[in-house]
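Undergrad: Sharing a structure below in structure tokens format, with a few things to ask.
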Amino acid sequence: MTNMTRRRLLLTTALVATLATGCVQGESGTATPAPGQLRLDYAYYNPLSLVIRKQHWLEDELKDTKVTWVLSAGSNKANENLRAETIDVGSTAGAAALQARANGTPIKTVGIYTRPEWTALVVAKGSPVTEVKQLKGRKVAATKGTDPYFFLLQALKEAGLSGSDVEVVNLQHADGRTALERGDVDAWAGLDPLMAQSEVDAGSKLVYRNPAFNSYGFLNAREAFLTEHPDLAQKVIDAYERARAWVAANPDEAVQLLAAEAKLTPEVASVVLKERTEAKISPVPGAEQRAVLERILPTLVAESQVRSEAEARTALDTLFEPRFAEKAQASS
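What follows is the structure, given as structure tokens:
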């Protein structure tokens, strides 16, 4: 073996060893760990997420962590990404979080971001439908696996109907709004801010409202992420409490932010944030949220939205992980 060959072999071996450790050499010659990562969602139905993303609080504080934001078009998409491990923290409605855990998605609810009235049953301007029972035999757009869909099921049950009494057209929220306004469906289980926008722009009508049928906004994290990176989970919840305080102190700026992000008029954004969203609540998941899910659970079972009642009960008993929100609340 020639001297040149030996030198090449030594250089190659050193390079492979460096790559295998996942480290690079700093100027001082000491090994520097490769940056970590934090992947979380933002959603137009979660205004606190918009604030955190816009203010860059996490990026500024976590200098050695790559922060990646993923848009959630609905609770179902957030749950899909949590299940696929493409995000670590995602925002859903409470009913969707319960359904996901009951059906095997290993998530825990670590915080509550808002108490919204973000869904209702919507009909087009000029529709003859004035009450829920008139929906029997009609087409209703809804996004399965989200709060509007569970709202629809509860409303039908209250009116003496079931999910099989209507034709559910499974569309993502924005497509449901379009289908309603085009006349392709008779009603839509709407979601703000799209619902408020349809009211203002197209004259759509909320034919049935019931704040008690809306479940809270749940912030959920993968169980493995909580085990491996509890420090990052705490940073996320701390940022949410900072955003809650920011919205309270800057309500008009929050309206402008939602309007800009979701491409809404300030009028529509104001309806969503100031009339239908309560952010001044405890972030700690607990008895109030459990009571809502206890009421929804039988509907999930009856409509086969969960694998079994036993699994749904177990999921409810194990869903909440309040320690991060408790610490954040105490600090704030």
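All the letters of the sequence shown, read from the start, carry residue numbers -26 to -1, 1 to 306 under mature numbering (1 follows the signal peptide of the UniProt record, and there is no 0). By construction, the Cβ of each residue, glycine as well, lies at the ideal position given by its N, Cα and C atoms.
#1: Is the distance from the Cβ of N53 to the Cβ of G68 below 8 Å?
#2: Apart from the five residues on each side of it in sequence, which residues of its chain come closer than 7 Å, Cβ to Cβ, to V280?
#3: Kindly give me the distance between the Cβ atoms of E59 and R196, rounded to whole angstroms, as I take these residues to be in contact under 8 Å.
#4: May I ask you to report which of helix, strand or coil DSSP gives Y19?
#5: Quick one: Cα of D160 to Cα of S172, how far?
#6: In whole angstroms, give me the CA-to-CA distance for A304 and P296.
#7: Specify the secondary structure class of R216 as computed by DSSP and reduced to three states.
#8: Taking L180 as the reference, give the member of G85, V97, Q29 with the closest Cα.
#9: Checking the sheet assignment: what are the DSSP bridge partners for F192?
#10: Using only the alpha-carbon positions, how far apart do R269 and V258 sit?
#11: Could you tell me the distance, in whole angstroms, from the CA atom of V242 to the CA atom of Y87?
#12: Could you tell me the distance, in whole angstroms, from the CA atom of T79 to the CA atom of L56?
#13: Just the Cα atoms here: how many angstroms apart are S46 and A17?
#14: Using the Cα positions of E141 and R183, report the straight-line distance between them to the nearest angstrom.
#15: Hey, how far is the Cα of K301 from the Cα of A163?
#16: For K131, which residues from the same chain have a beta carbon less than 8 Å from its beta carbon, with the 5 sequence-adjacent residues on both sides left out?
#17: What's the gap between the Cα of S282 and the Cα of A289?
#18: Do T251 and P102 come within 8 Å of each other at the CB atom, strictly closer than that value?
#19: Once you ignore the five residues that flank D121 on each side, which residues in its own chain have a CB closer than 6 Å to its CB?
#20: Within the chosen definition, does the region 109 to 121 reach the region 192 to 212 through at least 3 CB pairs nearer than 8 Å?
#21: Taking the alpha-carbon of D166 as reference, which of E227, I211, G157, Q146 has the nearest alpha-carbon?
#22: If you drop the 5 nearest sequence neighbours on each side, which residues of the same chain put their C-beta closer than 7 Å to that of V266?
#23: Please go through the same chain and pick out, in chain order, the residues whose beta-carbon is closer than 6 Å to the beta-carbon of A236, but skip the five residues on each side of it.
#24: With H, G and I counted as helix, E and B as strand and the rest as coil, what does DSSP make of A8?
#25: Grab the span of the alpha helix (DSSP H) containing T292 for me, first residue to last.
#26: What is the rounded straight-line gap between the Cα of V84 and the Cα of V41?
#27: Does the distance from the C-beta atom of K51 to that of L293 stay below 8 Å?
#28: Does any residue of chain B have a CB that is nearer than 8 Å to the CB of A17?
#29: Quick one: using the 10 Å Cβ neighbour count with 16 as the cut-off for buried, is G157 buried or exposed?
#30: Can you check which of these residues, W43, N20, K28, is closest to Q11 by C-alpha distance?
TA: If we stick to the structure as given:
#1: no
#2: Closer than 7 Å at Cβ, skipping near neighbours: Q73, A76, N77, L274, A286.
#3: About 7 Å separates the two Cβ atoms, so the contact holds.
#4: coil
#5: 14 Å
#6: A304 and P296: Cα-Cα distance of roughly 12 Å.
#7: It is helical.
#8: V97
#9: T66, I86
#10: Whole-angstrom Cα-Cα distance: 20 Å.
#11: 20 Å
#12: Approximately 8 Å between the Cα atoms of the pair.
#13: 5 Å
#14: Roughly 20 Å between the two C-alpha positions.
#15: 36 Å
#16: T273, A276
#17: Cα to Cα, S282 sits roughly 11 Å from A289.
#18: no
#19: Closer than 6 Å at Cβ, skipping near neighbours: A67, A69, T93, S189.
#20: no
#21: Q146
#22: G68, S189, Y190
#23: Y18, P167
#24: Note on A8: pLDDT 42, under 50, position unreliable in the model; the coordinate value appears next. Note: A8 maps to coil in three-state DSSP.
#25: T292 -> alpha helix (DSSP H) spans 283 to 292.
#26: 19 Å
#27: no
#28: You won't find chain B in this structure, because it holds only one protein chain.
#29: Burial call: exposed.
#30: W43
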